[in-house]
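What follows is one structure encoded as structure tokens, with my remarks underneath.
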Amino acid sequence: MRRGLSRWGVALLAQAALAAGCTPAPPADATGDANSCAADATAGAPDAAPLPAGASTTQWVRLVVADRSAEADCAKTDAPGVELDAIGLYRGGVLVGVAAVGSARLVGSLTPTCPNNDFAKAAAIEGGVDATGSRGFFALNGGGVEVAFAGCSACTTHIADCDGKGAPVMLTTGDELDVYELDPWYVKYGRATAKTCVCTADAFEVRVRRAAGSDLDAKVLGTFTGTTSRIRVW
Ligand SMILES: [Ca+2]
Ligand SMILES: [Ca+2]
Numbered sequence: 023m024r025r026g027l028s029r030w031g032v033a034l035l036a037q038a039a040l041a042a043g044c045t046p047a048p049p050a051d052a053t054g055d056a057n058s059c060a061a062d063a064t065a066g067a068p069d070a071a072p073l074p075a076g077a078s079t080t081q082w083v084r085l086v087v088a089d090r091s092a093e094a095d096c097a098k099t100d101a102p103g104v105e106l107d108a109i110g111l112y113r114g115g116v117l118v119g120v121a122a123v124g125s126a127r128l129v130g131s132l133t134p135t136c137p138n139n140d141f142a143k144a145a146a147i148e149g150g151v152d153a154t155g156s157r158g159f160f161a162l163n164g165g166g167v168e169v170a171f172a173g174c175s176a177c178t179t180h181i182a183d184c185d186g187k188g189a190p191v192m193l194t195t196g197d198e199l200d201v202y203e204l205d206p207w208y209v210k211y212g213r214a215t216a217k218t219c220v221c222t223a224d225a226f227e228v229r230v231r232r233a234a235g236s237d238l239d240a241k242v243l244g245t246f247t248g249t250t251s252r253i254r255v256w
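Numbering (our numbering), first residue to last: 23 to 256.
Following this line, the structure appears as structure tokens:
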């Protein structure tokens, strides 16, 4: 089952443990650690170190449909193919950002490939986990989505509470991505019901790239199916 579950559970516990001493950090963190809540809340510890000088960074992550057979669903469903809810960016095991509000853009062609797609709104992938079986997700179908990342404007270690309105965050080698895709995990843990959500685990490819809309210097991180955690950036 999803490794994302264990991280979710750990995040909840960590949030409870940190709640008492977790002081909201300013949206723009002076040390460039993108509002690293857990680091800020550690007694006596400075903010997490900014990226080392000369670190290789990238900004954009693109997700594209990997299993074209899902296209057969286009005429039968209003949410065809891969349904993406959110992406968490972790550094050293700490949540440092999610897809930035205002950053998501469609890539490729969504129509007329899937004219019945009622969920072709890329912005649904911005911010924290919030999808149910009927809202909060983006149905990828024949296209793709590209996002940049931002921290959380309020101190949190929990991806459901991170709004993606904090300081911009660059990705670097060793970071990890958690991608939340509507799959059986959502039904099992009560975010959706089997009655309203087919919630099959669908396959998608993840790429990182330096420039929006360009595959120059792009790296393919792999193909994944359903909610997947710890996708390593290299
Ligand atoms: Ca969402
Ligand atoms: Ca799905």
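Just so you know, even glycine gets a beta-carbon here, dropped at the ideal spot from N, CA and C.
Own chain partners of residue i with C-beta closer than 7 Å, once the 5 adjacent residues on each side are dropped
i	result
Cys-219	Gly-155, Leu-204, Tyr-208 and Val-209
Ala-216	Val-209
Val-242	Glu-227 and Arg-229
Ser-78	Thr-194 and Thr-195
Integer Cβ distance of residue i from residue j, believed to fall under 8 Å
i	j	result
Ile-181	Leu-117	6 Å
Val-129	Glu-148	That pair is no contact at about 15 Å.
Ala-283	Ala-121	Not covered by the structure: residue 283. The range shown for the chain is 23 to 256.
Ala-176	Phe-160	With a Cβ gap of about 24 Å, Ala-176 and Phe-160 do not count as contacting.
Ala-225	Asp-89	4 Å
Neighbourhood of residue i by C-beta distance below 6 Å, restricted to the same chain and skipping five residues each side
i	result
Pro-190	Ala-172
Tyr-112	Glu-198
Ala-170	Gln-81, Trp-82, Ala-122 and Ser-125
Ala-240	Arg-229 and Arg-231
Ala-52	At Ala-52, the pLDDT of 34 sits below 50, so the modelled position is not reliable; the number obtained from the coordinates is stated separately. Result list for Ala-52: empty, nothing under 6 Å.
Tyr-211	none
CA nearest to the CA of residue i, picked from the options
i	options	result
Ser-125	Lys-98, Pro-206 and Val-167	Val-167
Cys-136	Gly-158, Thr-99, Ala-176 and Arg-157	Thr-99
Arg-213	Ala-153, Arg-231 and Ala-240	Ala-153
Glu-105	Val-255, Asn-163, Gly-186 and Asp-200	Asn-163
Asp-200	Gly-119, Ala-97, Cys-96 and Asp-89	Gly-119
Gly-165	Thr-178, Arg-127 and Lys-187	Arg-127
Val-87	Gly-114, Ala-97 and Gly-103	Gly-103
Ala-97	Gly-115, Met-192, Gly-110 and Asn-139	Asn-139
Val-255	Cys-221, Thr-179 and Met-192	Met-192
Gly-114	Gly-235, Thr-179, Cys-221 and Asp-183	Thr-179
Gly-110	Arg-157, Asp-183, Gly-235 and Tyr-211	Asp-183
Sequence-distant residues of its chain with Cβ nearer than 8 Å to residue i (five each side left out)
i	result
Gly-244	Glu-227, Val-228 and Ile-253
Ala-223	Glu-203, Asp-205, Pro-206, Thr-247, Gly-248 and Thr-249
Asp-185	Val-120, Val-123, Gly-149, Gly-150, Cys-174, Ser-175 and Ala-176
Phe-141	Asp-100, Ala-101, Glu-105, Phe-159, Phe-160 and Ala-161
Pro-49	No answer about Pro-49 holds up, because its pLDDT of 35 lies below 50 and its placement is not dependable.
Lys-143	Phe-160
Residue i Cβ short of 6 Å to ligand 3 heavy atom set
i	result
Tyr-208	Ligand 3 is not part of this structure, which contains only ligand 1 and ligand 2.
Name all residues in chain order for which at least one heavy atom of ligand 2 lies closer than 7 Å to the residue's CB. Answer in sequence order: Val-104, Glu-105, Glu-203, Leu-204, Asp-205, Cys-221, Thr-222, Ala-223, Asp-224 and Gly-248.
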